[in-house]
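Counted from 1, the sequence shown has number 1357 at position 178 by the working numbering; the numbering is strictly sequential.
Think of the CB as a built atom: it goes at the ideal place given N, C-alpha and C, for glycine as much as any other residue.
For clarity, every value in this text was computed on a predicted model and none was experimentally measured.
Quick notes on the structure that follows.
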Amino acid sequence: MLLEYGAESRLIEQLSSRLGVALGCTSIEISLIPSAIVLTTLVGDSSVTTTRRAHEQPINMSIVHEIVTICIAAEQNPRNIMMVERSLGNIHANPYPAWLIVPIIGLSCAAFSHLQGADWPGFWITFLAASVGMMVRRALSSRNYSLLIVFAFTAFVCTLIASLSFYHGLSSTGRIVLSSSVLLLVPGFPYINAMLDAFKGYISMGWGRWTQATLVTLMSSLGIMLAMGLLDIQGW
1180 MLLEYGAESR LIEQLSSRLG VALGCTSIEI SLIPSAIVLT TLVGDSSVTT
1230 TRRAHEQPIN MSIVHEIVTI CIAAEQNPRN IMMVERSLGN IHANPYPAWL
1280 IVPIIGLSCA AFSHLQGADW PGFWITFLAA SVGMMVRRAL SSRNYSLLIV
1330 FAFTAFVCTL IASLSFYHGL SSTGRIVLSS SVLLLVPGFP YINAMLDAFK
1380 GYISMGWGRW TQATLVTLMS SLGIMLAMGL LDIQGW
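Next up, the structure:
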């Protein structure tokens, strides 16, 4: 769960080791790759090795925090396996409702466009483009489309709507609108995790996360360029 929801590699290793020792294991050996985790549990002279695939999930630090809390509780109540199982089973993702997250994303992108000098028509066009883009992103993600396809199509839709600023003189700051409307697609957290993993010695995890974030960025750029080429818009 830690790997799926975006925890950094050092935290995953530390929590796994601490939780294993709290439950009575001699030690825990762990190996991480971006799509799976290999865990070896040592109890006396016996060992069990298991491999689990990490399914793609949206980043959720509240779940990571809950697991940290469970680990601390397990250390305070050693060998209480039932408590740990019950607590882990009660963890559920609680995403923000669509009616709240969509306008907030739209407003944040629009606010950035205004800070960069967009006029008020450009502000509202950015708000519309980013809001619709977020709706598209959520809809595609809920249908389990590939993350690369989701980002490319969302960037395409955002750019199409933002291009309204170039027509009929709706806005004199169309280029700012274009760049601001796709800010919801910037993969900042994966890049940060990749850098942290690399600096802390988890080179393979760092490269894996960096590659995934770069591919997402490239697919977003592809969606933007496709929309701009379709509408014959020259650059930002």
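Counting every other CB atom within 10 Å of its CB across the protein chains shown gives glutamine 1391 a total of 16 or more, marking it as buried. Inside the segment 1202 to 1261, DSSP marks whole alpha helix (DSSP H) runs of 4 or more residues at positions 1240 to 1255, from first to last along the chain.
Scanning its chain for C-beta atoms nearer than 6 Å, with the 5 sequence neighbours on each side dropped, one finds around valine 1315 the residues Thr1333 and Val1336, in chain order. Methionine 1180 carries a coil assignment under DSSP once its states are collapsed to helix, strand and coil. DSSP places alanine 1331 inside the alpha helix (DSSP H), whose first and last residues are 1326 to 1341.
Apart from sequence neighbours up to five positions away, the residues of its chain that approach threonine 1229 with a beta-carbon distance below 6 Å are Leu1218, ordered along the chain.
Residue burial annotation: tyrosine 1381 is buried, with at least 16 other C-beta atoms found within 10 angstroms of its C-beta. For the set Ala1201, Ser1292, Leu1202 and Met1262, the Cα lying nearest the Cα of glycine 1353 is the one of Ser1292. Remark: fewer than three beta-carbon pairs, one from each stretch, lie closer than 8 Å, so the segment 1308 to 1328 and the segment 1259 to 1270 are not flagged as touching. Under a 10 Å Cβ-count criterion, proline 1366 is classified as buried, with 16 or more other Cβ atoms of the shown protein chains found around its own Cβ.
Here the segment 1183 to 1201 makes contact with the segment 1246 to 1256; the two share three or more CB pairs at distances below 8 Å. The beta carbons of isoleucine 1403 and threonine 1338 sit about 5 Å from each other, so the pair counts as a contact at 8 Å.
Linking isoleucine 1207 to phenylalanine 1345 through their CA atoms gives a straight-line distance of about 59 Å. Out of Ala1308, Ala1215, Phe1378 and Ala1309, the CA that lies nearest to the CA of arginine 1189 is found in Phe1378.
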